[in-house]
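Novice: Here it is, the structure in full.
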Amino acid sequence: NFITRLSALCLRKSKMQQRHQSSRRPAVPLGSRILTDPSKVYEHNMWDHMQWSREEEENAKERAAENSLVKVQWEERDKYEREASKYWNEFYKTHKNKFFKDRNWLFLEFPEILPEKKREKLKTEERSSECTKINSTNSFSHKNEIFEEGEKYWKKNYGGGSTSVQGYVCNKKEAKSPTDNPQGKNCGEELGRLESFPGSDATYRILEVGCGAGNSVFPILKVLCNTPGTFLYCCDFASGAVELVKSHSSYNSAWCSAFVHDVCDDALPYPFPDEILDVILLVFVLSTIHPDRMQGVVNRLAKLLKPGGMLLFRDYGRYDTAQLRFKKGHCLSENFYVRGDGTRVYFFTKDEVWNMFNLAGLTEVQNLVDRRLQVNRKKKVKMQRVWIQSKFQKPL
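What follows is the structure, encoded as structure tokens:
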């Protein structure tokens, strides 16, 4: 049985490598479940690396053009801009932390979140265990396998006297604040400030912009909570979202600092100096900002990265099902819409993304269009999903 499963997984990877060799798209990013037999489309919830026909592309363009014919009135557009935080606060007041699922796929698509040593350690665990469990029903293909094995890893290494943090184990006796870590002190970094700030003694720092209710924060913390010298910042301009994060049972100020911040306000200082961040996570956030203000936001974030630091981006792509479903009268400007609850969303092309980050002085590491087929098996409904996934680095 084990040999059969091992052979199947190896064959699956071999086919993926051959399939994407011509397009130079690697097999690991963006999943590996390929729909080769259309009659089996309803066997899974999600299919990866979908290719659109010319007819499908033209149909999507027509639908987007049609729902953009009637624009929101100028007065209303101004209101949605001025009161953006109010609408998001109302969103989190209504849904709290129940609306979005935890992003446990983060480390597979964005391993750069982790310090290099931690990354290599998890890679070793993955290699030794990836063939022992194949989850055929996970909507993110085999991503749950890696995290289930990761959970076993943490339980094995930190099981004694530990507490569970959303599926992982943190040893409270051994877990220390970065200020308790001798390696974090006198590390030779010129921080540009004499005063202390949260995470000032850390050697590896991450910022998540637009943290919401913590659906990225807590999957990250559950991996980093026993990694000395690491620190996670997270911010949102909805105060209600930040309160949800800080009131969560897994929140710990020894490893994390959550704060309210409007990234569109250039004059508003961050609670740490520029050029100290190793990673910035920007996932489904930039699309909520007015297109005219996006470049300024990216420029400011780029200044926070240290040389060699990475900005990791994922957001809605042009002609995603979410865009095509909008009715007339919801379009604010080209490819920018307002939902019924007052929150807004923009749909990117990868060229737009590249231009923004390039103008901010960052270098492309990855910039992909992620096309998937999402399936509602009960209702027999198929939805073409489109996302942009990118990685940009600050030059050394």
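According to my numbering, numbering within the sequence shown proceeds without interruption in unit steps and concludes at 413.
All residues carry an ideal CB built from backbone N, CA and C; glycine is no exception.
Please read all numbers here as calculations on a predicted model, not as lab measurements.
1. Does the Cβ of Glu100 have 16 or more other Cβ atoms within 10 Å, making it buried, or fewer, making it exposed?
2. Please identify the residue among Gly325, Leu139 and Arg356 whose C-alpha is closest to the C-alpha of Ala339.
3. Let me check understanding here. Comparing Cα to Cα, which of Ser217, Pro132, Tyr336 and Phe364 lies closest to Met400?
4. Quick check on DSSP: helix, strand or coil for Tyr268?
5. So is Asn352 buried or exposed if we call it buried at 16+ other beta carbons inside 10 Å?
6. So, do the segment 275-289 and the segment 212-232 have three or more beta carbon pairs nearer to each other than 8 Å?
7. Counting only the same chain and skipping the five closest in sequence on each side, list residues whose C-beta sits under 6 Å from that of Cys251.
8. In terms of residue numbering, what span does the beta strand (DSSP E) encompassing Pro324 cover?
9. Under a three-way DSSP split, which group does Leu125 fall into?
10. Measuring alpha carbon to alpha carbon, tell me which of Trp404, Ser270, Cys273 and Asn243 ends up nearest Ser304.
11. Report all residues from its chain with a CB closer than 6 Å to the CB of Thr366; omit the five preceding and five following residues, and keep chain order.
12. Going along the chain, which residues of its own chain have a beta-carbon closer than 6 Å to the beta-carbon of Asp95, five neighbours each way excluded?
13. Let me check one thing: in DSSP terms, what residues is Leu294 bridge-paired to?
14. Return yes when the Cβ of Arg402 is within less than 9 Å of the Cβ of His66, no when it is not.
15. If you follow the alpha helix (DSSP H) that Arg80 is in, where does it begin and where does it stop?
16. Going by C-alpha distance, which of Phe374, Lys411, Ser407 and Arg394 is nearest His61?
17. Please name the residue in Glu107, Ala284, Asp54 and Leu285 whose C-alpha comes closest to that of Asp358.
18. What is the C-beta distance between Leu328 and Phe409, in whole angstroms, given that I count them as a contact (C-beta under 8 Å)?
19. Assign Tyr268 to buried or exposed, taking buried as 16 or more other Cβ atoms, counted over all protein chains shown, within 10 Å of its Cβ.
20. Rounding to the nearest angstrom, what Cα-Cα distance links Gly313 and Ala77 in this structure?
21. So, under 8 Å CB-CB, Gly346 and Val89 are touching, yes? Tell me the CB distance rounded to an integer number of Å.
22. With distance defined between alpha-carbon atoms, name the residue in Asn121, Glu126 and Tyr109 nearest to Ala255.
23. For Arg310, which residues in the same chain have their Cβ closer than 6 Å to its Cβ, ignoring the five residues on either side in sequence?
24. Check Asn155 in the structure and name its three-state DSSP category.
25. Could you tell me which residues DSSP pairs with Phe254 in its beta bridges?
26. So is Trp91 buried or exposed if we call it buried at 16+ other beta carbons inside 10 Å?
27. Using alpha carbons as the reference points, say which of Ser49, Lys134, Phe127 and Val277 lies closest to Ile237.
28. In angstroms, rounded to a whole number, what distance separates the CA positions of Glu73 and Lys396?
29. If contacts are defined as beta-carbon pairs under 8 Å, then Ser407 and Asn384 qualify, I think. What distance do you get, rounded to the angstrom?
Specialist: Short version:
1. Within the sequence shown, residue 100 is the residue found at index 83, counting from 1. Taking a 10 Å sphere around the C-beta of Glu100, we find fewer than 16 other C-beta atoms and assign the residue as exposed.
2. Working through the sequence shown from its first residue, we reach residue 339 at position 322. Answer by Cα proximity: Arg356.
3. By one-based count along the sequence shown, residue 400 stands at place 383. Cα-wise, what sits closest to Met400 is Tyr336.
4. Working through the sequence shown from its first residue, we reach residue 268 at position 251. Reduced to three states, the DSSP call for Tyr268 is coil.
5. Locating residue 352 in the sequence shown gives position 335, counting from the first residue. That one is buried.
6. Segments in contact, yes.
7. Along the sequence shown, read from residue 1 onward, the residue named residue 251 stands at position 234. The residues are Glu225, Cys228, Val234 and Ala275.
8. As a position in the sequence shown, residue 324 is number 307, starting the count at 1. First-last of the beta strand (DSSP E) with Pro324: Leu322 to Tyr333.
9. Translated into positions along the sequence shown, residue 125 becomes position 108. Residue state, collapsed to three classes: helix.
10. For the purposes of this step, residue 304 is taken as residue 287 along the sequence shown, with counting starting at 1. When each option's Cα is compared against that of Ser304, the closest is Trp404.
11. Along the sequence shown, one-based indexing puts residue 366 at 349. Once the five neighbours on either side are set aside, the close Cβ partners of Thr366 are Arg335.
12. Taking the sequence shown and counting its residues from 1, the one referred to as residue 95 is at position 78. Nothing meets the Cβ criterion.
13. Position 277 of the sequence shown holds residue 294. In the DSSP output, where bridge partners are listed per residue, Leu294 has Leu322.
14. Here the question's residue 66 lines up with position 49 in the sequence shown. Here the question's residue 402 lines up with position 385 in the sequence shown. Judged by their CB atoms, His66 and Arg402 are not nearer to each other than the 9 Å cut-off.
15. Position 63 of the sequence shown holds residue 80. It spans Arg71 to Asn84 - the alpha helix (DSSP H) in which Arg80 sits, taken as one unbroken run.
16. Within the sequence shown, residue 61 is the residue found at index 44, counting from 1. His61 has its Cα closest to that of Arg394, out of Phe374, Lys411, Ser407 and Arg394.
17. Your numbering for residue 358 matches position 341 in the sequence shown. Taking only the C-alpha atoms, the option nearest Asp358 is Glu107.
18. Taking the first residue of the sequence shown as 1, we reach residue 328 at position 311. Taking the first residue of the sequence shown as 1, we reach residue 409 at position 392. About 5 Å separates the two Cβ atoms, so the contact holds.
19. The residue you call residue 268 lines up with position 251 of the sequence shown. With a 10 Å radius around the Cβ and a threshold of 16 neighbouring Cβ atoms, Tyr268 comes out buried.
20. Stepping through the sequence shown from its first residue, residue 313 is reached at position 296. Stepping through the sequence shown from its first residue, residue 77 is reached at position 60. Going from the Cα of Gly313 to the Cα of Ala77 covers about 30 Å.
21. Along the sequence shown, read from residue 1 onward, the residue named residue 346 stands at position 329. Along the sequence shown, read from residue 1 onward, the residue named residue 89 stands at position 72. At roughly 7 Å, the Cβ-Cβ gap stays under 8 Å, so Gly346 and Val89 are in contact.
22. By 1-based counting over the sequence shown, the position of residue 255 is 238. Taking only the C-alpha atoms, the option nearest Ala255 is Tyr109.
23. In the sequence shown, the residue the question calls residue 310 occupies position 293. Cys281.
24. Translated into the one-based positions of the sequence shown, residue 155 becomes position 138. In this prediction, Asn155 has a pLDDT of 44, which is less than 50 and means its spatial position is unreliable; what the coordinates show is noted afterwards. Three-state DSSP puts Asn155 in coil, outside helix and strand.
25. Start at 1 with the first residue of the sequence shown, and residue 254 comes out as number 237. Bridge partners of Phe254: none, in fact.
26. For this step, residue 91 is matched to residue 74 along the sequence shown. Flag for Trp91 reads exposed.
27. As a working note, residue 237 is residue 220 in the sequence shown. Taking only the C-alpha atoms, the option nearest Ile237 is Phe127.
28. Start at 1 with the first residue of the sequence shown, and residue 73 comes out as number 56. Start at 1 with the first residue of the sequence shown, and residue 396 comes out as number 379. Approximately 21 Å between the Cα atoms of the pair.
29. Within the sequence shown, residue 407 is the residue found at index 390, counting from 1. Within the sequence shown, residue 384 is the residue found at index 367, counting from 1. About 4 Å; that satisfies the 8 Å criterion.
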